[in-house]
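Here full-length UniProt numbering is used: the sequence shown runs in plain steps of one and ends on residue 213.
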Amino acid sequence: MSTSPPKATAMPTFTRPPKPHYLSYRIARGEQGVLTYEPYKSHLLPHWRFRTPQIARTSAETLYQHFLSFYEQEDFVGMDMARKFIQMGMTRAKRYANYEGGRKYKYTAGEEGRGDVKVEREKSEGHVGKEGKEEASGVFRGYWETCREHEGYQRLKKDFLKEQKEWEGLEKRKVKIEEDNEEVKIEDENADEVKIKEEEVKQPVKKKRKTKS
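In structure tokens:
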């Protein structure tokens with residue numbers, strides 16, 4: 001079956017978060033951050049499914065349409081989050097193809113009471129649903145490769161990283177100015193305190209008059 005990406009279609013309106021939050025996004029490695037970075041996570045997660053090849057195909061197509069919609073809005077973060085969900089569909093489906101139940105690791109009792117030890121399970125040579133998950137993974141892979149090679153994705157990624165670097169530099173300068181101002185304020189307060197103490201010291205001590213007996 002063909003896994004060619006569909007043409008872009010109209011998608012639900014999405015409001016980009018404020019600039020400070022938007023530029024706090026980290027591309028990171030692979031799928032990192034895909035289930036934590038809001039509001040994109042809640043916007044895309046309902047479309048992520050891979051139980052059967054057909055469900056995976058519908059999911060991948062919908063996520064890719066979001067990818068293209070974000071591109072039209074020049075929203076790199078949205079594009080990258082859609083790419084991460086597509087990649088996660090590929091890797092999770094593959095894990096279920098390789099390991100029955102999708103569990104890659106098992107825990108065994110450690111020696112001398114050291115607690116459980118995490119051990120990788122052997123890959124399954126055949127279990128119910130293996131072929132379906134293999135196909136589902138392949139569906140997502142086709143879209144994932146298309147996302148990575150998308151000219152607009154690469155261009156917006158470069159622009160985003162540049163803007164992010166400039167923004168972080170500006171924020172660091174603001175913090176430095178605030179710290180410098182705070183230091184000056186403290187120095188001024190200390191100087192005023194020293195001045196007051198000096199004036200107190202300079203106050204002449206009034207001598208008591210001797211009374212005649």
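Note that beta-carbon positions come from the ideal geometry of N, C-alpha and C, so glycine has one too.
Only a predicted model underlies this, so the values are computations on that prediction, with no experimental measurement involved.
Measuring only the C-alpha atoms, how far is residue 225 from residue 151? With the chain represented from 1 up to 213, any question about residue 225 goes unanswered, as that position is not in the structure.
Using CA coordinates, which residue listed in 87, 36 and 74 is at the minimum distance from residue 139? 87
Check this for me: beta carbons of residue 37 and residue 78, under 8 Å apart or not? no
Near the ligand HEM: residue 95 beta-carbon under 7 Å from a heavy atom: In terms of ligand content, the structure shown is empty, and the ligand HEM therefore cannot be addressed.
Counting beta carbon pairs with one atom in the segment 127–136 and one in the segment 53–63, are three or more of them shorter than 8 Å? yes
Just to confirm, is the Cβ distance from residue 103 to residue 121 under 8 Å? yes
Is the separation between the beta-carbon of residue 44 and that of residue 93 shorter than 8 Å? no
How many angstroms separate the CA atom of residue 144 from the CA atom of residue 27? 15 Å
Go ahead and pull the three-state DSSP assignment for residue 105. strand
With distances taken from CA atoms, which of 65, 69, 25 and 14 is nearest residue 214? The requested residue 214 is not part of the displayed model; the chain covers only 1 to 213.
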